[in-house]
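Working notes, structure below.
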Amino acid sequence: MMTTRTARRRAAGLGYYGTAGALAILFLLPLAWSGWASVRTPHGFGLASYRNMIHYGDGIGTYLRNSLEVTAMTVAGTLAVSLLGGYAFGRFRFPGKNLLFLATLAILMVPYPTILIPLYVLLGWLGLQNSLAGLAAVLVMFQLPFATFLMRNSFEAVPQELEDSAAVDGCGTFTALTRVMIHVVRPAVVTVGLFAFLAAWNEFFAALILLNSSDKFTLPLAVVDMEGRTFGSIDYPTLQAGVVFMAIPCLFLFLLLQRSYVRGFMSGALRG
Amino acid sequence: MQTTTAAPVARAPGDAAGAGRRRKRAGGRSRRRALAGLGYAAPTAAVVGLLFLVPLVLVVWMSLHHWPLLGNPTFNAPKNYTDVAHNTLVATAAWFTVKYTVVTTVVLFTISFGLALMVQHPRPGVGLLRTAFFLPAAVGFATASLLFLGFLSSAIGPVNPVLEHLGLINAPVDWITGSPGGALASTVTLVTWRFAGFNMLILLTGLQAIPVELYEAARMDGCSRWQTLRRITIPLLRPTIALVLIVMTTGSLLAFDQFYILTKGGPDDSTTSVVMVIVREAFVRFDLGSSAALSVLVLLVLLVLNVVQLSFLRRREEK
Amino acid sequence: MRTTNRTRMRRLRTALGAVVAALSLALAAACSSGGSAQAGGGPTSGVTITMWTRAGTQSQTQALIDAYNASHSNHVVLTVYPNEQYPAKIASAAGAHALPDIFTSDVVFAPNYVSQGLWADVTDQFDALPFKNDVVPSFIKAGTSNGRLYAVPHALDLSVLYYNKALYRQAGLDPSKPPTTLAQYAAQARTVAKLGGQIHGSYEGGNCGGCVEFTVWPSIWADGGQVMNSGGTQSYIDSPQAQAVFQIYRGMFADGTMAPGAKQEDGTTWLGALQSGDIGIAPGPFSWYPLLLQKGLDMGVAPIPGVNGGSSTFIGGDVAGISSTSSHEAAAWDFLSWTLGDQAQVNVIAKDHEVIARTDLAQNQYALADPNVVTVNGLLAKGQTPYALNFNATYNDPQSPWTTTLRGALFGPDLTQALSSGQTAITASLQQQ
Chain A
86 MMTTRTARRR AAGLGYYGTA GALAILFLLP LAWSGWASVR TPHGFGLASY
136 RNMIHYGDGI GTYLRNSLEV TAMTVAGTLA VSLLGGYAFG RFRFPGKNLL
186 FLATLAILMV PYPTILIPLY VLLGWLGLQN SLAGLAAVLV MFQLPFATFL
236 MRNSFEAVPQ ELEDSAAVDG CGTFTALTRV MIHVVRPAVV TVGLFAFLAA
286 WNEFFAALIL LNSSDKFTLP LAVVDMEGRT FGSIDYPTLQ AGVVFMAIPC
336 LFLFLLLQRS YVRGFMSGAL RG
Chain B
2 MQTTTAAPVA RAPGDAAGAG RRRKRAGGRS RRRALAGLGY AAPTAAVVGL
52 LFLVPLVLVV WMSLHHWPLL GNPTFNAPKN YTDVAHNTLV ATAAWFTVKY
102 TVVTTVVLFT ISFGLALMVQ HPRPGVGLLR TAFFLPAAVG FATASLLFLG
152 FLSSAIGPVN PVLEHLGLIN APVDWITGSP GGALASTVTL VTWRFAGFNM
202 LILLTGLQAI PVELYEAARM DGCSRWQTLR RITIPLLRPT IALVLIVMTT
252 GSLLAFDQFY ILTKGGPDDS TTSVVMVIVR EAFVRFDLGS SAALSVLVLL
302 VLLVLNVVQL SFLRRREEK
Chain C
60 MRTTNRTRMR RLRTALGAVV AALSLALAAA CSSGGSAQAG GGPTSGVTIT
110 MWTRAGTQSQ TQALIDAYNA SHSNHVVLTV YPNEQYPAKI ASAAGAHALP
160 DIFTSDVVFA PNYVSQGLWA DVTDQFDALP FKNDVVPSFI KAGTSNGRLY
210 AVPHALDLSV LYYNKALYRQ AGLDPSKPPT TLAQYAAQAR TVAKLGGQIH
260 GSYEGGNCGG CVEFTVWPSI WADGGQVMNS GGTQSYIDSP QAQAVFQIYR
310 GMFADGTMAP GAKQEDGTTW LGALQSGDIG IAPGPFSWYP LLLQKGLDMG
360 VAPIPGVNGG SSTFIGGDVA GISSTSSHEA AAWDFLSWTL GDQAQVNVIA
410 KDHEVIARTD LAQNQYALAD PNVVTVNGLL AKGQTPYALN FNATYNDPQS
460 PWTTTLRGAL FGPDLTQALS SGQTAITASL QQQ
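Residue numbers (our numbering), protein chains in the order written: chain A, 86 to 357; chain B, 2 to 320; chain C, 60 to 492.
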């Protein structure tokens, strides 16, 4: 009796781990294949594809620098705006508060192209056409709903006593933010920063519309162009080298900050 | 449109002035705090106003004009809207986008939900499984599209050799551009791979909010696995499911990257999505007005759809 | 700094003008006078000139630039974009005022860019050239609007038939007798296809509007047909000539004479297929001739025939112009005028087996040394360069009505139906404002 139940449980466990393991391999396979394909050469293995990628177009350095600039500006901008905004929404009462909060969340409801076609025109008027700063500003806007929401929730969760004690110490609201509050909401800061990084580093559509000359291209634009690098055939291995080059920082950061990422989901995205 | 969208930006300073007038009545502290709050919210207001609300008004304004990429716009309403009716590519794209949305939502939801159930309960190794399923989501979507451009290609992709080896196909198949069905399947595979883990995580957070006692009680009552799923898991998970479905349908209706990079809208326009047409109107036909009109229509469709989905959800909740 | 402020001001004014267009005639006039490039052009030496081109004609452009940079104090820097994305990139960069000093364009898109004012007027500079009357006329027409010239020929490219002499011998065909009718082309392709294995009879860009117009229209022209009216506003694709030509191509696709990849070929791997040496006979751009020679292939070159004999060619390729927003106009013209001079035309372009843009230099030493080049130079007189304002949106874009039409004509159930509904759709797109 006991033995058959144990046997059945063991069989079920085997079935579970067999299926789950096979699925896990299936999900990891494309990533592994890409890495493998990027080091394949006609005669075995080597880094020829990476050499091709590095020398593509204006040189990968240009695109990497552009990507880093856009990403840094987006992360810094998102953090600054959403930290102050979250503080305002979470701890203050002021006229127009709900309306502004709703307007911020409404960004989620509006399709990308609906906003990018006029932004292409608007940034031109502002002299920000074909500029990394313009793209970063737009990406900050796209990050705001999630970032503001998460920050507001974090600030709301800070106990009132903590803020009061800061006030007793004679801190102004800004000093209270920089000395006390920011430590409490640090997990949200990490999460917002991570999301902003991933979004900016990987952004394709907005960059495609808003950046117009190859010296301003970010990595995704440049690597997509690599498809036509050699005229007459598609250079797949070099393409995969580009894929690996773009994916590595994301995978690394994700594995490093997985906890913050998941926490971001738990505390932010879902209460809405 | 214009009044509601302009309101928050215009109101902020106005209300500050209003608060100033109330100075004598109200205590200094709450007024000071309101001012401070306004100050902290000002960057948000600036970004939302300038980069979101102004463009929103501008897109409507543009849609009423013949707005060439270069040169001066001229008023031509409602031509941009009436022209949409004659644009056969729009009809093809709209139909495909709906079809794609249905297929993707069904496939992606089924797999995401299956994965979430699979990693719902803690057991050894489950963390590794979650990470494995989620890892593709850390890769950018454009990056993932490029990855699949190679992965599914007959030139270097492993799919054809494996299937040939298994005897499932006789000759290499051109999955991405060979046939409309193949192109659709390629993009759905890509999207499922990239987003299943992401949606699994959302569903998982919902699942973990369900009290364990309920499952134990069900097991005591001798409920089968299927009964537990139908009677406990799904009803309690409904809000999360609704959220996931809204995100999935919205994302699919606005799909662009995967078609632009992977199928290029082909073969024979069979995978041309609505957003691709919007981009084509602007940068191939140089007609920003027409592009804006299509954008406005897409916005309206999405608003209606979201309102319907949300009200449906609310009604269910009230029951 | 001042210039950016000025352009910003101008743009702001343009925007305002749009809002109150009816009231601001004077303002509008001010805008238009500010828009034309009368700047005169800056220094002529020691300047870095930025230039864009597409991958398709990159090698020729790069050869010209290398020769120019080596002998001049100006420095031209080239950026290359993939063919398919190039027109959209030009358009979005133009809208964002981010164009380089010089950009090239497929000659068939040039009328659109000219009408959009993307290039500066070079009429006076061009008229001062001693050889101005010897520059290939159909390209000058494409770059001209209202009697003013905005772009000059940059890289000529003619469509021809390539046939692999080695495969011809193997299949028992006479390599000195290329086809003189379209039916012979198909018959010879079928003979080569019988070799089997990796070998296929022919190849075509079956999912590529640009490829098919470039290689199939000449057969229609050779039979006396036309694909459009001369103003580019009315399609004539529903003609008996087009019907007969497509019928033959249809047959080659249907019976597998065309290589398997040809049906979905969107142009990206077209050259690769010809370079493989596995194709018996196929049309293609003559600019690939050096690239095929590099692979050690013994390629014969023949004119593209019509159904009833005769021959023609699509005189394609690129024109180049100076952006109307460039501040290096004089230096940019120094480069462009140099590319048209004897030295560049003969010692760079002709030396590389490419077609030159000057009719007076046709008998140069390099052309005379290669019978294939002589064949192609002879074609220049018979060929056409079609003209239409909405060329890209109508013909070359993957979502264009022409792509739908040709796919229907080659693979659809009903050829006649595909051409007649195609003519309606193409005409509508040509006339779209």
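Heads up, the beta-carbon is just placed ideally off N, CA and C, and yes, glycines get one too.
This structure is a prediction, so every number in the text was calculated from the model and none was measured.
Review point. Can you list the alpha helix (DSSP H) stretches of 4 or more residues lying completely in the region 183 to 266 of chain B, in chain order?
Key: Restricted to the region 183 to 266 of chain B, the alpha helix (DSSP H) segments that are unbroken, complete and at least 4 residues in length are 213 to 221, 226 to 229, 235 to 254, listed in chain order.
Review point. With 16 as the cutoff for other CB atoms within 10 Å, does P319/C come out buried or exposed?
Key: Looking at its Cβ environment, which holds fewer than 16 other Cβ atoms inside 10 Å, P319/C is exposed.
Check your understanding: From L70/B to P203/A, what does the alpha carbon distance come to, in whole angstroms?
Key -> Taking the straight line joining both Cα atoms gives about 11 Å.
Check your understanding: Under a three-way DSSP split, which group does R207/C fall into?
Key -> Strand.
Practice item. Please classify A270/B: is it buried, with 16 or more other beta-carbons within 10 angstroms of its beta-carbon, or exposed? Key: Looking at the sequence itself, residue 270/B is Asp, so the reference to Ala does not match. Burial call: buried.
Point to revise | Where I177/B falls: helix, strand or coil (DSSP) | key: Reduced to three states, the DSSP call for I177/B is coil.
Point to revise | G182/B versus T264/B - alpha carbon distance | key: Cα to Cα, G182/B sits roughly 12 Å from T264/B.
Check your understanding: Among all the DSSP beta bridges, which residues are the ones paired with A152/C?
Key -> Beta bridge pairing from DSSP links A152/C with no other residue.
Review point. Is Q323/C near T178/B, with beta carbons less than 7 Å apart?
Key: Inclusion of Q323/C and T178/B in the CB contact set at 7 Å is warranted, their separation being smaller than that value.
Check your understanding: Below 7 Å between beta carbons: does that hold for R237/A and G144/A?
Key -> Taking 7 Å as the Cβ cut-off, R237/A and G144/A do not qualify as a contacting pair.
**Study point:** Three-state secondary structure (DSSP) of C90/C
**Key:** Summary for C90/C: the model assigns pLDDT 34, below 50, so the residue's position carries little reliability, and this model does not support an answer.
**Study point:** Nearest neighbour of A161/A, chosen from A221/A, R94/A, R90/A, G129/A [CA to CA]
**Key:** Minimum Cα distance to A161/A is reached at A221/A.
**Study point:** Alpha-carbon spacing of G467/C relative to S480/C, whole angstroms
**Key:** Roughly 10 Å between the two C-alpha positions.
Point to revise | Beta-bridge partners of L137/C, as assigned by DSSP | key: Listed as beta-bridge partners of L137/C by DSSP are M110/C.
Check your understanding: What's the gap between the Cα of I415/C and the Cα of V104/B?
Key -> In a straight line, the C-alpha of I415/C is about 54 Å away from that of V104/B.
Practice item. Return no unless some Cβ of chain C is closer than 7 Å to the Cβ of Q214/A. Key: Chain C has a Cβ within less than 7 Å of the Cβ of Q214/A.
Check your understanding: Between G141/B and chain A, is there a C-beta pair that is closer than 7 Å?
Key -> At least one beta carbon of chain A lies nearer than 7 Å to the beta carbon of G141/B.
Check your understanding: Should S113/B be labelled buried (16 or more other beta-carbon atoms within 10 Å of its own) or exposed?
Key -> Buried, since its Cβ has 16 or more Cβ neighbours within 10 Å.
Check your understanding: Whose Cβ in chain B lies nearer than 8 Å to the Cβ of S479/C?
Key -> Within chain B, no C-beta atom comes nearer than 8 Å to that of S479/C; the closest sits roughly 15 Å away.
Practice item. Establish whether the CB of N297/A and some CB of chain C are separated by less than 7 Å. Key: So yes, N297/A belongs to the interface.
Practice item. Please report how far the alpha carbon of Q3/B lies from the alpha carbon of Q310/B, in whole angstroms. Key: Per-residue confidence for Q3/B stands at a pLDDT of 31, beneath the threshold of 50, marking its modelled position as unreliable; the derived number appears in the next sentence. Here the alpha carbon of Q3/B sits roughly 26 Å from the alpha carbon of Q310/B.
**Study point:** Chain-order list of residues whose beta-carbon lies under 7 Å from that of R23/B (same chain, five-residue window excluded)
**Key:** Residue confidence for R23/B is low, a pLDDT of 45 falling below 50, so the modelled location carries little weight; the figure read from the coordinates is stated next. Closer than 7 Å at Cβ, skipping near neighbours: no residue.
Practice item. Compare the C-beta of S119/A against all C-beta atoms of chain B and say whether one is closer than 7 Å. Key: So yes, S119/A belongs to the interface.
Exercise for review: Identify which residue in V107/B, W62/B, D84/B, W194/B has its Cα closest to the Cα of L76/B.
Suggested key: The identity of residue 76/B in the sequence shown is Phe, whereas the question assumes Leu. Considering only V107/B, W62/B, D84/B, W194/B, the residue with the shortest C-alpha distance to F76/B is W62/B.
Review point. Roughly how many angstroms separate the alpha carbons of G103/A and W347/C, rounded to a whole number?
Key: For G103/A and W347/C, the distance between alpha carbons rounds to 54 Å.
Review point. What residues from the region 460 to 490 of chain C come within 7 Å of chain B, judged by C-beta to C-beta, listed N to C?
Key: Of all residues in the region 460 to 490 of chain C, only T463, R466 come within less than 7 Å of chain B when Cβ atoms are compared, listed by chain position.
Exercise for review: Could you list which residues in chain D have their beta carbon closer than 9 Å to that of S291/B, in chain order?
Suggested key: Among the protein chains of the structure shown, namely A, B and C, there is no chain D.
Review point. Would you call the CB atoms of A35/B and F179/A closer than 7 Å?
Key: Closer than 7 Å, so yes.
Review point. What are the start and end residues of the beta strand (DSSP E) that includes V48/B?
Key: Segment 29 to 49 is the alpha helix (DSSP H) holding V48/B; no beta strand (DSSP E) there.
Exercise for review: Using beta-carbon positions only, say whether V378/C and H131/C come within less than 7 Å of one another.
Suggested key: No, they are not a contact pair.
**Study point:** Local Cβ density within 10 Å of W276/C, reported as buried at 16 or more and exposed below that
**Key:** Buried.
Exercise for review: Kindly list, in the order they appear in chain A, the residues whose Cβ is closer than 8 Å to that of Y127/C.
Suggested key: Here the premise fails: no neighbours, minimum Cβ distance about 20 Å.
**Study point:** A169/C: first and last residue of the uninterrupted alpha helix (DSSP H) it sits in
**Key:** Start and end: 169 to 174.
Check your understanding: Below 7 Å between beta carbons: does that hold for A139/B and F339/A?
Key -> The answer is yes: Cβ separation under 7 Å.
Point to revise | Listed by chain order, chain C residues near G209/A by CB distance under 9 Å | key: Within 9 Å Cβ-Cβ: R70, G154, A155, H156.
Exercise for review: Determine whether the Cβ of M158/A lies closer than 7 Å to any Cβ atom of chain B.
Suggested key: So, not an interface residue.
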